[in-house]
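Comments concern the structure below.
Residue numbers (my numbering): 622 to 1239.
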């Protein structure tokens, strides 16, 4: 910590701090909770952030800060209120800054809520201190300044004794540690998570923070616990199933704890974003596999049900992802259905009922754990298929109604996101390059749906291994290309990616199940897992604002239509040979290697977004 005697001295001290480091300016008269100070100074997700009397800038915002400080210094002159620049580490600090001279703090720890308060019309008028003026100058230049919501927390620079007394009174009346614990819990969670997990998991998060544990370590512990649970289920014994159910619940508690720890201690990271985005699915699908292995040990082959549950869950998610990407920045985005939904949210019991209907991860994992311990894997998968089917019908119907009743214009960004989620490979792209774009409000999703029905129908009803199925795959490629020949800006064009996902996943499932080749369905389970990872990875890259995976990756793994056609060809060529299982396994390994290597390279690179995604309820 360095202390400046005036604004000019602050500029000189700031210039001496190495360019790659975070700096903070805090008015020495600052009175507030340390929690509030951390909200403004230690969140790594924003290049610049401010609370009244304090401002921080990371390396990317340092040049703009220097320019703003120079202009502000010229305007206020020497002898302005003293600024205190603080040199931080290159990565965001994970403990609060030390109290400055003249600063009154409450508790010794603080936590960000992750929410951004709407900036005032004239920030300089609300915060006339030097940090406040610099923040206003940064915004005037075009550098966004994050202004966290403080709620009941105090952050002020009193101008007189009366204001100081009021600020000190606010400090003593608010327990910022209690606020910190409350804000560590995600605001919109499911019923089971909110009432059965979060009341105590937040204290586990605090325990972890005080012992220096990181969210990534807790996330990894959750994954390991789930994998041990899957191993216990794979034993096929009643004791193994009971242990698996208990361990799955422990894994879910840790899964809630890692996010709460990240919010409690402001430990957001690129690696954390990647782990959080992928481990939930890895844990759930690994447990499905463990249940299937255990059932086989007991003489009941449920691999087809396990793969069906995974396919249904993945398709549910892509419906949510596609709809949200299509509409979150749409222009004139209004709908009577959405208005009714918002109205229902004002009635307490309907909120929880609607959250439970969609069978979010908390309710789903609780159901899986209890049924695993008390029943059989077959019953677990039947319950999953029925519950997820009802949830999918409910959510999809609501999204269809909103799309048909709202008056919205899709943006170019939304159209690109949908095109990326479609995962079209070289075959569909070649068709799209020469085909005329389809016209009509609903023609594009109709073409995609027709192609999917032709592909799935041929896999279901034609003799297994028929070359007519390969011909159907050709029709699917053609219709897939036609569907993406024009930008996806129609009211229902968000349906295209989930339709493609269903066509690919279900075709692989059906052909493997009908092959009567030993271990073909487990091999198909591995292939769908690898492809689903690629699709989830695409979603979280788009959410992070970095765009989809590179085009060469999509071309290398063939795109949805290329993989679907290849599996159809393999089924025709290897009709009565165990080579079909070998081919599916080899394809799964190849896709997994290419996708994982590129994904890991991206998520640990400097270009990955430093975010902690709150994720979907499901």
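All C-beta atoms in this analysis are idealised placements derived from N, C-alpha and C, irrespective of residue type, glycine included.
Shown here, residue 774 sits in coil according to DSSP, grouped into three states, outside any helix or strand.
Bounds of any beta strand (DSSP E) do not take in residue 990; it lies within the alpha helix (DSSP H) bounded by 982 to 995. When rounded, the separation of the alpha-carbon atoms in residue 933 and residue 1158 is 18 Å.
With respect to residue 1106, residue 1058 sits close: the two C-beta atoms are nearer than 8 Å. Using a C-beta cut-off of 8 Å, the segment 876 to 892 makes contact with the segment 815 to 828, since at least three inter-stretch Cβ pairs fall below that distance. CA-to-CA, the gap between residue 664 and residue 1070 works out to about 44 Å. With 16 or more other Cβ atoms inside 10 Å of its own Cβ, residue 1162 counts as buried. Inter-residue distance for residue 1139 and residue 859 is about 26 Å (C-alpha atoms, whole angstroms). Along the segment 1157 to 1237, the alpha helix (DSSP H) occurs as fully enclosed runs of 4 or more residues at 1172 to 1177, 1180 to 1194, 1200 to 1224, listed in sequence order.
In the structure shown, residue 769 adopts extended strand secondary structure according to DSSP, grouped into three states. Following the DSSP letters along the chain, one finds residue 680 in no beta strand (DSSP E), marked with neither H nor E. Exclusion of the five residues before and after residue 885 leaves 732, 801, 805, 826, 827, 830 as the residues of its chain whose Cβ lies within less than 7 Å of its Cβ. 8 Å or more divides the Cβ of residue 1160 from the Cβ of residue 1129. Short of 8 Å from the beta carbon of residue 994, and not among the five residues preceding or following it, lie these beta carbons of its own chain, in chain order: 862, 863, 865, 866, 867. For residue 772, the closest alpha carbon among the candidates 693, 1169, 658 is that of 658. The three-state reading of DSSP puts residue 1030 in strand, counting E and B together. The segment 1043 to 1063 and the segment 1077 to 1086 do not touch, with fewer than three beta-carbon pairs separated by less than 8 Å.
If you check the CB distance, residue 851 and residue 911 come in under 8 Å. Residue 888 is classed as buried because its beta carbon has at least 16 other beta carbons within 10 Å across all chains shown. Counting only runs that start and end inside the segment 632 to 696, the alpha helix (DSSP H) elements of at least 4 residues fall at 655 to 662. Secondary structure of residue 904 (DSSP, three-state): helix. Your pair residue 753 and residue 674 checks out as a contact, with CB atoms roughly 7 Å apart and the cut at 8 Å. A distance of 8 Å or more separates the beta carbons of residue 1096 and residue 1125. Per the C-alpha coordinates, the member of 1063, 1098, 1062 positioned closest to residue 1073 is 1098.
Closest in alpha carbon position to residue 869, among 1165, 979, 984, 786, is 984.
The three-state secondary structure of residue 1020, taken from DSSP, is helix. Considering only 1000, 1196, 1007, the residue with the shortest C-alpha distance to residue 979 is 1007. Residue 950 places its beta carbon less than 8 Å from that of residue 1032. Nearest to residue 667 by alpha-carbon distance, out of 750, 683, 904, 748, is 683.
Residue 1192 and residue 661 have their C-alpha atoms some 59 Å from each other. Taken through DSSP and simplified to helix, strand or coil, residue 888 comes out as coil.
For residue 873, the CB contacts under 6 Å within the same chain, skipping 5 residues up- and downstream, are 986 in chain order. Between the beta-carbon of residue 940 and that of residue 1119 there is about 5 Å, and that keeps the pair under the 8 Å contact cut.
Note on residue 681: under 16 other CB atoms within 10 angstroms of its CB, so exposed under the neighbour-count rule. Taking residue 1199 as reference, the option from 809, 1211, 1136, 626 with the minimal CA-CA separation is 1136.
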